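Below is one structure; the comments refer to it alone.
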Amino acid sequence: MTNLLLSNECLLFLQILISFLGVILSFKFWGKAGLFAWAAFITVFANLEVNSFCNMFGLTVSLGNVAFVSLALVQDILSENYGQDIAKKSVSIGFFAAISVVIISWFSMRFNCPEGPEGGNHEAFCQVFGAAGAIVLASLISYFCSNRMNVWLYAFIRKYTKKIWLRAQFSTWISQLFDSFFFTGLCISFATLYQTTGIAWFNTQFPIGWSIYFELSITTYIIKIIVAIFEIPFSYWAKSLFRCF
């Protein structure tokens, strides 16, 4: 029973529940300011988590999928209740937060700290925040483009349907399709440049090849679709909360 609860699949659903509840509670207690705060926090977290890989449903996928879809939920709630311009602002806030963490952590990693216990957790800090620069760049570019696309698509489909779930799913499915293939393509492109030039900065540790590209893109997208379906009740929950403000 314990092994089942700690399986990757079970942990995925628990993370979905906790993450989406976090979005709703942020909205309930602090309104759009709470959603802006969630966007800043989860963007930083997602860009750290995306460097980890695991096996799930028999597929090799990168982590960060739940975090990225929770961002789509934030933008959908903002688009639905406050308009497209406010939703775009959340994307910019998240992007600014991620860039700020990258810059500040870079300086923090440059400090000359002793190795071992005398240096505290500096080695662990460098391992977490010292991800390959090419992966960070690919993730940030993909994040900004796909999330702006999500906001635009939500506003576009809103002209043609009154169904909140359809607007949310349409915008999330399309934008995350772009995100999955674009991010993986950038990482593999950088890895190819590393093999060609030998410049360490381009080393993303991604395997190279069209088959790998499609496999990673598709498996990541499948997980995002599974996560996105759980958006539906939370979108309606957020709408009911907005009516109570």
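Letter by letter, the sequence shown follows residues 469 to 713 of this note's numbering. The beta carbon of each residue, even a glycine, is placed where N, CA and C say it ideally should be. Predicted model only: the values in this text are computed from it and were never measured.
- Around the Cβ of residue 562, a 10 Å sphere holds 16 or more other Cβ atoms; the residue is buried.
- Per the Cβ contact rule, the region 566-580 is not in contact with the region 663-670 (fewer than 3 Cβ pairs under 8 Å).
- In the assembly as shown, residue 640 is a buried residue. Its beta-carbon has 16 or more other beta-carbons within 10 Å.
- Note on the region 475-529: whole alpha helix (DSSP H) runs with a minimum of 4 residues are 476-517, in chain order.
- Taking the Cβ atoms as the reference, residue 515 lies roughly 7 Å from residue 611, within the contact range of under 8 Å.
- Each of 603, 485 and 512 was checked against the Cα of residue 658, and the nearest Cα belongs to 603.
- Cβ contact annotation for residue 680 (same chain, cutoff 8 Å, sequence separation greater than five): 656 and 674, in chain order.
- Separation of residue 613 and residue 528 (C-alpha to C-alpha, rounded to the nearest whole angstrom) is 24 Å.
- The criterion of a C-beta distance shorter than 8 Å is not satisfied by residue 643 and residue 685.
- For residue 517, same chain residues with a beta-carbon under 8 Å away, outside a window of 5 residues either side, are 531, 532 and 535 in chain order.
- Rounded to whole angstroms, the gap between the alpha carbons of residue 578 and residue 570 is 13 Å.
- DSSP places residue 653 within a helical segment (H, G or I) once states are collapsed to three.
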